[in-house]
Amino acid sequence: ADLSDWEQAQAAIAAVTAEGRRPDILINAAGVAHPGYFEELPIEVFRRTMDVDFFGTLYPTKLVAPMMMARHSGHIVNFSSVAGFLGVFGYTAYGAAKFAVRGFSDVLRSELKPYGVHVHVVFPPDTDTPQLHEENKIKPPETREIAGNVKVLQPEDVAQEVIRGLERNKYVIIPGFESKLYFLLANGISGVFRWYFDRAIVSSRKKRGLPPAYK
1038 ADLSDWEQAQ AAIAAVTAEG RRPDILINAA GVAHPGYFEE LPIEVFRRTM DVDFFGTLYP
1098 TKLVAPMMMA RHSGHIVNFS SVAGFLGVFG YTAYGAAKFA VRGFSDVLRS ELKPYGVHVH
1158 VVFPPDTDTP QLHEENKIKP PETREIAGNV KVLQPEDVAQ EVIRGLERNK YVIIPGFESK
1218 LYFLLANGIS GVFRWYFDRA IVSSRKKRGL PPAYK
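So the sequence shown is numbered by the numbering used here: it starts at 1038 and just counts up by one.
Have a look at this one:
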């Protein structure tokens, strides 16, 4: 199913949840990238990239999250990218979509945490997939220069990092040492803001007589 299409996403989730089945984990890993110079990229590339990368994450989440909230458990894993926290030359379309996934995940985490639903956002670097091979054919020279300094990970390495992150209930999951370092340099105090927001949410819920969170 094309999860960037609302009707198809509804049909796909309905099929999965037939006969009372409810997902414990939702992994949103849909993604497409088309690097190029901003002035040369057609508008259609921006629309398609946002449709697949962002709305392909939003739609399944919109359908599954209420089920998880109702039973106070579940994990939602959203794939962003290193290009979702660092503006990388040549990725105006892809970077915008992956930054959107990151922002969506940040807010979703705060809203679903009181219901016992855990949100995770993954920031993988370049990974050895058919998608990367297609990107490499059209990358601008400047993008190649930047990417040449970054280690390409295997899909298995990314998957193992995601599994470890789920087991440890980590919100931010970053495969690869270099990517972790880049995130630390670019987002060193983001955890402080998450802590502050969590405290404010708990305070607000207590004032309204609501439980601070479900375990």
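For each residue, glycine too, the CB sits at the ideal point set by N, CA and C. In this text the structure is predicted, and so the values were computed from the model without any measurement.
request  = Might you give, ordered along the chain, the residues of its own chain that have their beta carbon closer than 7 Å to the beta carbon of Y1152, omitting 5 neighbours on each side?
outcome  = M1106, H1109 and Y1251
key: Closest residue to A1120 among A1046, A1184 and S1227 (Cα-Cα distance)   = A1184
task = Verify whether the separation of the beta carbon atoms of I1211 and V1199 is less than 8 Å.
result = no
request  = Spell out a yes or no on whether the segment 1167 to 1176 and the segment 1221 to 1231 are touching, meaning 3 or more CB-CB pairs, one atom from each, closer than 8 Å.
outcome  = no
ask   = In this structure, does DSSP put F1083 in helix, strand or coil?
value = helix
request  = If I'm right that G1068 touches F1116 with Cβ under 8 Å, what's the distance once you round it to whole angstroms?
outcome  = 6 Å
inquiry  = Taking 8 Å as the threshold (C-beta atoms), are L1063 and V1101 in contact?
reply    = yes
message = Can you find the residues in the same chain that come closer than 8 Å, C-beta to C-beta, to V1189, ignoring five residues on each side of it along the sequence?
response = P1162, D1163, T1164, D1165 and L1169
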